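Data first, discussion second: the structure below is written as structure tokens.
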Amino acid sequence: MSNIIIKTPQDIEKMRIAGRLAAEVLDMIGPYVKEGVTTEELDHLCHDYIVNVQKAVPAPLNYNGFPKSICTSVNHQVCHGIPGPKKLKDGDIVNVDVTVLKDGYHGDTSKMFCIGKPSILAERLINVTQECLYLGIRMIKPGIHFGDIGAAIQEHAEKNRFSIVREYCGHGIGQVFHEPPNVLHYGKKGTGDALKAGMIFTIEPMVNAGKRDVKLLPDQWTVVTKDHSLSAQWEHTILVTETGHDVLTKRDEEAI
Ligand code: MF3
Ligand code: CO
Ligand code: CO
1 MSNIIIKTPQ DIEKMRIAGR LAAEVLDMIG PYVKEGVTTE ELDHLCHDYI
51 VNVQKAVPAP LNYNGFPKSI CTSVNHQVCH GIPGPKKLKD GDIVNVDVTV
101 LKDGYHGDTS KMFCIGKPSI LAERLINVTQ ECLYLGIRMI KPGIHFGDIG
151 AAIQEHAEKN RFSIVREYCG HGIGQVFHEP PNVLHYGKKG TGDALKAGMI
201 FTIEPMVNAG KRDVKLLPDQ WTVVTKDHSL SAQWEHTILV TETGHDVLTK
251 RDEEAI
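Taking the numbering used here as reference, the numbering of the sequence shown is continuous, increasing by one, and the terminal residue is 256.
Spelled out as structure tokens, the structure:
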């Protein structure tokens, strides 16, 4: 409890820049996320853009030994998918998760893409998961508790007969990629720390169409659903302000 860093105005200015850059990577990569592209190609495009255009660093690369610059999680992959030589095909859904390190500060965001026409189930899962993120964000203001956010997200997912992954969560973020607190996407109202202006953290719900159980693949990174059901995730980096919140990784296409 209470080891959550409160950012200074100087920190916040740098976090705004890092957040904007991360959002811009997702905007840039969108047109390439099409049938026949490999996730490795998406990784190279993002890597080169972050390094050569943004003059920034892709934070995942070599983070605890992660071998690539972005995470790409396809269909029943929940998170931390490693980009590889497999081509995306019609009907696939894929999460692209980008973390940019600029001038010592991190911006972390992810979105879902559909290849061609998704199934009705895939589309509903993707939409409900985004609603989970947005309703969590909309609650954010000083004085509410982290448990309030988790409870609301869990309630929305379960009301739609989906399940929330428990093993992975959102996180504080700043000069450190993953810092306190753990931001759970489930829980009980009124529990956990109270939010204060100047906190910055991610919300990044992982929602499964089937059971909530996950397993780690032998590559030691890729997390998949145990029952092979589809999984979706959306992520933003959010600042708590005196009056509410500011989504540091918001894209122009979004009305949050
Ligand atoms: N971007 C992920 C998150 O949202 C973390 C990826 S860590 C990596 O927290 F090593 F897998 F890249
Ligand atoms: Co994150
Ligand atoms: Co992320």
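Ideal Cβ placement from N, Cα and C applies to all residues, glycine included. Small disclaimer: the values here were computed from a predicted structure and weren't measured.
Beta carbon of residue i nearer than 8 Å to that of residue j
| i | j | result |
| --- | --- | --- |
| serine 2 | aspartate 43 | no |
| threonine 109 | threonine 241 | no |
| phenylalanine 201 | proline 181 | yes |
| isoleucine 12 | leucine 184 | no |
| leucine 125 | alanine 209 | yes |
| glycine 174 | lysine 55 | no |
| methionine 15 | tyrosine 49 | no |
| leucine 216 | leucine 121 | no |
Burial state of residue i, where buried means 16 or more other Cβ atoms lie within 10 Å
| i | result |
| --- | --- |
| aspartate 97 | buried |
| alanine 255 | exposed |
| lysine 321 | As displayed, the chain neither begins before 1 nor continues past 256, which places residue 321 out of reach and without an answer. |
| tyrosine 32 | exposed |
| glutamine 10 | exposed |
| glycine 143 | exposed |
| glutamine 220 | exposed |
| glycine 116 | exposed |
CB-CB length for residue i against residue j, believed under 8 Å
| i | j | result |
| --- | --- | --- |
| glycine 190 | histidine 145 | 6 Å |
| tyrosine 93 | alanine 194 | According to the sequence displayed, residue 93 carries isoleucine and not tyrosine. With a Cβ gap of about 36 Å, isoleucine 93 and alanine 194 do not count as contacting. |
| lysine 141 | threonine 249 | 19 Å between Cβ atoms; not a contact. |
| valine 224 | valine 214 | 7 Å |
| proline 67 | glycine 91 | Wrong, their Cβ atoms sit about 27 Å apart, outside the cutoff. |
| proline 83 | threonine 72 | 5 Å |
| alanine 22 | threonine 99 | 7 Å |
Rounded separation between residue i and residue j - CA only
| i | j | result |
| --- | --- | --- |
| isoleucine 149 | methionine 139 | 7 Å |
| isoleucine 153 | alanine 59 | 27 Å |
| glycine 170 | glycine 36 | 31 Å |
| asparagine 75 | tyrosine 134 | 22 Å |
| methionine 112 | asparagine 95 | 4 Å |
| proline 205 | glutamate 235 | 7 Å |
| arginine 166 | isoleucine 137 | 19 Å |
| histidine 80 | alanine 151 | 24 Å |
| tyrosine 105 | valine 247 | 16 Å |
| asparagine 64 | histidine 178 | 12 Å |
| valine 176 | arginine 251 | 23 Å |
| tyrosine 245 | asparagine 52 | A quick correction: the sequence has histidine, not tyrosine, at residue 245. If you take the alpha carbons of histidine 245 and asparagine 52, they lie about 31 Å apart. |
| glycine 192 | glycine 107 | 24 Å |
| valine 57 | glycine 30 | 20 Å |
| lysine 196 | isoleucine 4 | 9 Å |
is_contact[residue i, chain C] using C-beta, thresh 8 Å
| i | result |
| --- | --- |
| leucine 125 | This model lacks chain C altogether, as it is built from one protein chain only. |
Nearest-residue set for ligand 2, Cβ under 6 Å from any heavy atom: Asp108, His171, Thr202, Glu204, Glu235
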